[in-house]
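**Q** Residue numbers (this note's numbering): 13 to 127. Even for Gly, the Cβ is constructed at its ideal location relative to N, Cα and C. Being a predicted model, the structure only gives us computed values, none of them experimental.
Put into structure tokens, the structure is as follows:
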């Protein structure tokens, strides 16, 4: 609004009409560019969906799942073996009274690794 002291009715009417027209034009511009951005986003989403669909091949998923299960079973077996060896070492330390000592017999370690 150009004047605050003594508003001229004709000026106010013309000012309001210009504001309405320019606001409508600005909204059209914003909508136009929002639609362009929207189309770009939709295209990106479609490309991503295609990429994901390429990986959703059932045979591929099943083979990856089988490989993962095999790796988990192997890792589980390795952990069980390590924990069993640790338990045996601790049992020997307990029997020999060397519970809280860190000096171990290297022969024992060589035997364990040779197994």
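Give the secondary structure of residue 111 by DSSP, where H, G and I count as helix, E and B as strand, and everything else as coil.
**A** Secondary structure at residue 111: coil, using DSSP grouped into helix, strand and coil.
**Q** What residue range does the alpha helix (DSSP H) around residue 49 cover?
**A** Counting along the chain, the alpha helix (DSSP H) containing residue 49 begins and ends at 21-67.
**Q** Counting only the same chain and skipping the five closest in sequence on each side, list residues whose C-beta sits under 7 Å from that of residue 111.
**A** 105
**Q** In whole angstroms, what separates the C-alpha of residue 98 from that of residue 86?
**A** 18 Å
**Q** DSSP three-state call for residue 18: helix, strand or coil?
**A** coil
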